[in-house]
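Residue numbering for the sequence shown follows the numbering used here, beginning at 903 and increasing consecutively. Input: a single structure, listed below in structure tokens.
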Amino acid sequence: MTILTAVDGETVPSDAVARGAELAAAFDVDHVVLHVMPQDVFEKFRSAASGSSGRSVTTPASYGSAEGRAHQQGSGEEYTVEDGERHATGVARDVVQETLDEPEETILKGRVGEPVEEILSEADRRDAQYLVIGGRKRSPTGKALFGSKTQSILLTADLPVVTVMSGD
């Protein structure tokens, strides 16, 4: 069994990662931190790579990990799903390193796809005991207008979900 913590890469350090590590230590199970690169972001990288001719692909700020910066596309090289997953793993690595004192004990995972679907699939694949996610406090109007990945996970998960709220 594992504790799976999903991160968006925008909140660093991550209270969700800290709470996931605490749970994993308490239950003496593995702690897996997952970042999912959304499909639309992946498609932008793929388009930029296929349309480049010796130029670098510009990455969004949340994909500014050392691994992501090191990945330079040029000469028409294709940006593959494996590249996206390595990139997403780099985001998870950056969040964990900025959050935990002993990050080497954490398993890092990156995926490409629709975040809610990929997070729940990874929880199922790993037989996760708990899923730990972050959330942001928003008004009811904000939730209605913009939707919520956190809310979607809470409504569809078939395992216990720990939601660590931030004030942002």
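The beta-carbon is built from N, C-alpha and C at its ideal position, and this holds for glycine as well. The structure presented is a predicted model; accordingly, all values stated were derived computationally and were not measured.
Can you tell me whether DSSP reads residue i as helix, strand or coil?
{"i": "A1059", "result": "coil"}
{"i": "K1039", "result": "coil"}
{"i": "T913", "result": "coil"}
{"i": "L1002", "result": "coil"}
{"i": "S949", "result": "helix"}
{"i": "V931", "result": "coil"}
{"i": "S1050", "result": "coil"}
{"i": "R1013", "result": "strand"}
{"i": "T1008", "result": "strand"}
Relative to the alpha-carbon of residue i, which residue among the options has its alpha-carbon at the smallest distance?
{"i": "P940", "options": "Y1032, A908 and K1039", "result": "A908"}
{"i": "I1035", "options": "T982, S1023, V1063 and P1005", "result": "V1063"}
{"i": "R1038", "options": "S916, V993 and H933", "result": "S916"}
{"i": "V943", "options": "E987, E924 and K1051", "result": "E987"}
{"i": "I1009", "options": "S952, L1056, R948 and E1024", "result": "E1024"}
{"i": "Y981", "options": "K1011, E1004, T991 and S949", "result": "S949"}
{"i": "R1013", "options": "Y1032, V934, F929 and A927", "result": "V934"}
{"i": "D996", "options": "I1055, V983 and V919", "result": "V919"}
{"i": "H989", "options": "V938, R921, A951 and G953", "result": "V938"}
Counting C-beta neighbours from all protein chains within 10 Å, is the total for residue i 16 or more, i.e. buried, or is it exposed?
{"i": "E945", "result": "exposed"}
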